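Engineer: Have a look at the structure that comes next, please.
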Amino acid sequence: MSSRPWFLCFRVAAARTRCAGAWLLAIVLALYCYPACAQNLPKIVDLPTRPGVTQRILFISPEAPKAAAILYAGGHGGLQLDRDGKFGWGEDNFLVRTRMLFVNNGIAVAVIDAPSDRQSAPYLNGFRLTREHADDARAVIAWLREQMHVPVWLVGTSRGTQSVASIAIALADGGGVDGIVLTSTILRDDRGGDPVTNMNLADIKIPVLVVHHEEDGCKYCPVSETDSLMRKLTQSPRANLMIVSGGMSQGDPCEAFGYHGFNGIEGAVVNAISAWMLAR
């Protein structure tokens, strides 16, 4: 195991690449080579996790899944999913609005709502780094493995990266996942939570992909601090950094349609993530 991760730098759109090689070529080709997959109907599943608590997920699977991804939205994370799969909040979030792109790439998805005991404000705020949050994730991971027998990944965006990193650390000794993806990672925080760089990232011993827009304008997610994040992933056997460009920014720079949410390049970014996940 290398003591330092190597970096994959990739620019979506017609900008220069900083790093090249077989991995880059494979991912570029993958942007165009994944056919749409036949899929099963979406369904809502309520999984018992802790005493008296259930975790609601929106589950969608292709007919022959190659992997599964548990998707953690940003913000307060309370998607308020109803029994018909409609969202009360968060439908525009990067990972929520691109869920079918993962499915079309052969990856089953479980979109995570707040658990039943966090179904009102502040939802997941103040909860993402707790042991209870990790226990809820453990139950979802176990259910997915039982259903499909494929690798299971955690994928988070913005404040969802706090969930993903803290869960990966909490479950490092058992019940964990095959890898994690951090998009638009929280690298600074003045709102009562820990930035991902403050966590004990050396406990993560699974593959990690970090995806960031070079023009992310969110003050909590400066691209200049992604190198610091990567340097702390000392025990990951495959830790790669993907920097993307292009698209457009509209509205609040910390919201879904800023560069922060990969607005305008969603398909290319999801295809690149999918190719990286499936190439292990």
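The sequence shown begins at 21 in the numbering used here and counts up one residue at a time.
Where a beta carbon is used, it is the ideal one built from N, C-alpha and C, also for glycine.
For clarity, every value in this text was computed on a predicted model and none was experimentally measured.
Counting along the chain, where does the beta strand (DSSP E) carrying valine 73 start and finish?
Structural biologist: 73-80 is the extent of the beta strand (DSSP E) around valine 73.
Engineer: Whole angstroms is fine: what's the gap from serine 256's alpha carbon to asparagine 218's?
Structural biologist: Distance between the alpha carbons of serine 256 and asparagine 218 is about 17 Å.
Engineer: First and last residue of the beta strand (DSSP E) that includes threonine 181?
Structural biologist: Premise fails: threonine 181 lies in the alpha helix (DSSP H), 180-190, not in any beta strand (DSSP E).
Engineer: Considering only their Cβ atoms, is the gap separating alanine 93 from glycine 180 smaller than 7 Å?
Structural biologist: Yes, the Cβ-Cβ distance between glycine 180 and alanine 93 is below 7 Å.
Engineer: Rounded C-beta distance between glutamate 286 and isoleucine 263? I'm assuming under 8 Å.
Structural biologist: The pair is not a contact, with the Cβ atoms about 16 Å apart (cut-off 8 Å).
Engineer: By Cβ distance, which residues of its chain are closer than 7 Å to isoleucine 64, with the 5 residues on each side in sequence left out?
Structural biologist: Excluding positions up to five away in sequence, the list reads Arg76, Leu78, Leu101, Arg103 and Gly105.
Engineer: If glycine 95 sits next to asparagine 124, beta carbons under 8 Å apart, how far is it from one beta carbon to the other, in whole angstroms?
Structural biologist: Going by Cβ atoms, the distance from glycine 95 to asparagine 124 rounds to 25 Å, so no, they are not a contact pair.
Engineer: Please list, in chain order, all residues of the same chain as leucine 229 whose beta carbon is under 6 Å from its beta carbon, the five residues on each side excluded.
Structural biologist: Contacts found: Val201, Asn260 and Trp296.
Engineer: Taking only runs of the beta strand (DSSP E) that begin and end inside the segment 108-136, which ones reach a length of at least 3 residues, in chain order?
Structural biologist: Here the runs fully enclosed are 127-132.
Engineer: Does DSSP classify leucine 61 as helix, strand or coil?
Structural biologist: Residue state, collapsed to three classes: coil.
Engineer: Using only CA atoms, which one of Gln139, Leu253 and Ser183 lies nearest to valine 175?
Structural biologist: Selected option, being the one with the closest Cα: Ser183.
Engineer: Use the C-beta contact count for glutamate 83: other C-beta atoms within 10 angstroms, 16 or more gives buried, fewer gives exposed.
Structural biologist: With fewer than 16 other Cβ atoms within 10 Å, it is exposed.
Engineer: Residue range of the beta strand (DSSP E) that methionine 262 falls in?
Structural biologist: Segment 259-264, the beta strand (DSSP E) holding methionine 262.
Engineer: Between aspartate 272 and glycine 110, what straight-line distance do the alpha-carbon atoms span, to the nearest angstrom?
Structural biologist: Taking the straight line joining both Cα atoms gives about 15 Å.
Engineer: Provide the residue(s) that pair with tryptophan 375 in DSSP beta bridges, ordered along the chain.
Structural biologist: Look at the range of the chain in this structure, 21 to 300, and you will see that residue 375 is not part of it.
Engineer: Quick check: the Cα distance between leucine 311 and alanine 128, rounded to an integer number of angstroms?
Structural biologist: Summary: the structure shown does not reach residue 311, with the chain confined to residues 21 through 300, and so no result is reported for it.
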